[in-house]
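Each remark here refers to the structure printed beneath this line.
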Amino acid sequence: MSDPIRVVDAHIHLWDLSTGLYPHFEEPSDSFIGNTAEIARSYLLPELLAEGGAEVVLEKAVHVEAFPTDRVEETRVLQSLADGAGEGKPQALVVNVDLAADDAEAQIIDQKRFANTRGIRQVLNLHEIADYSYGAPDHLANPVWMENFDLLRSHDLSFDLQIYPHQMAGCAALAAKNPDVGIVLNHAGMFVDRTPDGWKEWKEGLRTMAAQPNITVKISGLGMFDHNWTVESFRPYIYEVLEAFGPERSMLASNFPVDKLFATYVQHWQAFAEIIAPLSENEQALLLRKTAERVYRI
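And the structure:
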């Protein structure tokens, strides 16, 4: 029997529907990720911990905001979990703040009251196909949002960046203007256009992003655009990310429970482990644990 895969999962979500914070998960829906019936229910830490069985040991976890109706209450619930039954998990919280708001700094101060807060995420995905957009305005064209982005520097917070490839050049410029803010590219840049032109745009975008030393990347969420994935379908995307960023600036993550729609937790991590097996022991440790620990200070 092989040794279990030890991981620091850099991107997970938990939601308790009894809190009323997540009405969007209460009923199944159809979107680009498919039908959400399997995850239209509460998903709590004991279930996540059980997903790995004997094959995957979840040592630490980074929780990313899940579009709550009350951003501070979501953080309070998760910090309470970490302080109590979670026995430290999730060790890092990437919380929600509206940087376009007049009270953006007050929101940040509210969120920083919680010990495990490490960064913020405000989803920026825009796409000409409505089904792929998240309903957000073009924050990158908003001078208030751009000015408030600098608040992350003064409050020692990172920014989880969720975008599509056509937005990468603009976000690389954002990173260049804010070199003291750590930016974490979510889901390997969300390779949405599966055509040869889309592949080229994504590859070039990754390298544009990687040219900014304050940007790191999560290799996660690949199943959202590859529902019937295999190890061989994942392999070229992971290798492209590693060629651009290297293991020192890359981290593997499950995006559970969202990617539970496409495969089990164990299947995801076993696929990752197989793909990175040719790398050195230290490079594998960086991808599985160490980069996430460094970036999120856990």
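Counting from 1, one number per residue, gives the positions in the sequence shown under the UniProt record's numbering. All residues carry an ideal CB built from backbone N, CA and C; glycine is no exception.
The beta strand (DSSP E) enclosing residue i, as first and last residue numbers
i, result
"H13", "Unbroken run through H13: none, as it is neither H nor E."
"F159", "S158 to L161"
9 Å Cβ cutoff met for residue i and residue j
i, j, result
"L261", "G34", "yes"
"A271", "V241", "no"
"D9", "L81", "no"
"L45", "L14", "yes"
"N186", "D226", "no"
"Y43", "F234", "no"
"I183", "I215", "yes"
"P137", "N96", "no"
"V217", "A210", "yes"
"P4", "V56", "yes"
"F32", "M224", "yes"
"G189", "P213", "no"
"R6", "L288", "yes"
"Q122", "D98", "yes"
"P247", "Q284", "yes"
"T195", "M251", "no"
Those residues which DSSP pairs with residue i across a bridge
i, result
"V95", "I120"
"H34", "Residue identity check: residue 34 is Gly in the sequence provided, not His. Answer is S31, bridged to G34."
"V64", "V94"
"V56", "I5"
"K218", "M251"
"F149", "In DSSP, F149 forms no bridge with anything."
"L44", "L44 pairs with nothing; no bridge assigned."
"F256", "I12"
Span of the alpha helix (DSSP H), counted from its first residue to its last, around residue i
i, result
"E105", "A104 to Q111"
"I298", "Segment: none, I298 is in no alpha helix (DSSP H) and carries neither H nor E."
"S233", "V231 to F245"
"V184", "Counting along the chain, V184 falls outside any alpha helix (DSSP H), though it belongs to the beta strand (DSSP E) covering I183 to L185."
"K177", "M168 to K177"
"E204", "P196 to A210"
"N282", "E281 to A285"
"D83", "R71 to D83"
"Y265", "Y265 to I276"
Residues of its chain near residue i, where Cβ-Cβ distance is below 8 Å and the 5 sequence neighbours each way are ignored
i, result
"R297", "A92 and R118"
"E293", "V8 and K60"
"G86", "L45"
"A176", "Q212"
"E201", "P165, H166 and D193"
"N228", "F262"
Own chain residues within Cβ distance below 7 Å of residue i, not counting five before or after
i, result
"A40", "F25, E26, E27 and P28"
"H268", "S254 and D259"
Same chain, Cβ closer than 6 Å to residue i, five either side skipped, listed in chain order
i, result
"A66", "H13 and W15"
"D180", "R153"
Any C-beta of chain B under 9 Å from that of residue i
i, result
"P143", "The structure shown contains no chain B, having only a single protein chain."
Three Cβ pairs or more, each shorter than 8 Å: is that satisfied between the stretch 101-117 and the stretch 49-58?
Too few Cβ pairs lie closer than 8 Å, so no.
The stretch 146-158 touching the stretch 256-270, judged by at least three CB pairs closer than 8 Å
No: the two stretches stay apart, fewer than three of their Cβ pairs being nearer than 8 Å.
Between the stretch 134-146 and the stretch 273-282, do three or more beta carbon pairs fall short of 8 Å?
Short answer: they don't touch.
Sufficient close CB pairs (3 or more, under 8 Å) joining the stretch 172-180 to the stretch 128-139
At 8 Å Cβ cutoff, the stretches do not touch.
Decide if the stretch 60-68 is in contact with the stretch 104-114; the criterion is three or more beta carbon pairs, one per stretch, under 8 Å apart.
Too few Cβ pairs lie closer than 8 Å, so no.
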